[in-house]
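Beneath this line is the structure, given in C-alpha cells, with notes to follow.
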Amino acid sequence: MTTGTRLAVGGGIIAAVTGYMAYLGASSSWQYYLTVDECAADASDLLGCPLRVNGHVAPGSLEINSNRTQASFVLKGSERELHAICAGPLPDNLAEDMDVVVEGRLGSVTDLRGERVLTRCASKYRSKEPPTPAMTASVTRQETAR
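FYI, the numbering for the sequence shown is -17 to 128, going by the numbering used here.
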C-alpha cells in the first residue's frame, strides 16, 4: 500500500467514526420534547430514558419546598397526566396553570423525575394594555413605508 492509500483509508475511517458519533449525539435532540399524552402512551418504553416533556401545571397541584430546590405537581396533557417531582433549582416564575417543559426521566409509568424545569415568561408575550388607536396607526404607517 502506498502512503496516499493509507492516508485515504485512515481519513475515511476517521470520517465514518466522526459521522456516526455526530448521528448518535443529534438523534436524541431531533425532537425537542414530547407532550404528556405522547409520553404517557409510550411510558413503558421510555422508563429510565432521558426525556423532555411539555405539559400544563394543573391548578392546585404545585408544591414547592421552602428553599425552592424541589417541587411536585401534576403535569397535564389534553387527555392524560403525569405526577412530576423536580429536584434542583427552580425558575422564579414557576406557578400553577402555566405551560412548562420538564427534563428528566420516568421513574414509573405515571411518575416523572425532573432534573430541570423550563418555563416561559408570559409577560414578555402579552401587552399589559390594549393597543390604542394611535399605536395601531403608527404600526400601519411603518408597515406601508417598507
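We put the CB at the ideal spot given by N, CA and C, even for glycine.
None of the values given here were measured: they were computed from a predicted structure.
Tell me, please, which residues DSSP counts as bridged to residue i.
{"i": "Cys68", "result": "Ala53, Gly96"}
{"i": "Asn75", "result": "DSSP lists no partner for Asn75."}
{"i": "Arg87", "result": "Pro32, Arg95"}
{"i": "Val82", "result": "Gly37, Thr101"}
{"i": "Ile46", "result": "Ala53"}
{"i": "Glu61", "result": "Its beta-bridge partners do not exist; DSSP assigns none."}
Assign residue i to one of two classes, buried (16 or more other C-beta atoms within 10 Å of its C-beta) or exposed (fewer than that).
{"i": "Leu6", "result": "exposed"}
{"i": "Cys31", "result": "exposed"}
{"i": "Leu29", "result": "exposed"}
{"i": "Leu(-11)", "result": "exposed"}
{"i": "Val82", "result": "buried"}
{"i": "Val35", "result": "buried"}
{"i": "Val18", "result": "buried"}
{"i": "Val(-1)", "result": "exposed"}
{"i": "Val121", "result": "Any reading at Val121 needs caution, since the residue's pLDDT is 45, under 50, leaving its predicted position unreliable; the model's value is listed next. Looking at its Cβ environment, which holds fewer than 16 other Cβ atoms inside 10 Å, Val121 is exposed."}
{"i": "Val(-9)", "result": "exposed"}
{"i": "Ala53", "result": "buried"}
Sorted by chain position, which residues of the same chain lie with C-beta nearer than 6 Å to residue i's C-beta, five sequence neighbours on each side aside?
{"i": "Gly96", "result": "Ala66, Cys68, Val84, Gly86"}
{"i": "Glu78", "result": "Val39, Pro41, Leu44"}
Once the 5 residues before and after residue i are set aside, which same chain residues still bring their CB inside 7 Å of it?
{"i": "Ala(-3)", "result": "none"}
{"i": "Ser60", "result": "Asp19"}
{"i": "Ala25", "result": "Leu88, Val91"}
Tell me which same chain residues have a C-beta within less than 8 Å of the C-beta of residue i, skipping the five on either side of it?
{"i": "Leu57", "result": "Val18, Val35, Gly37, His38, Val39, Ala40, Glu63, Leu64, His65, Ala66, Val82, Val84, Leu94"}
Checklist entry - Which full runs of the beta strand (DSSP E) of 3+ residues lie inside the stretch 0 to 40, going along the chain? => result 32 to 39
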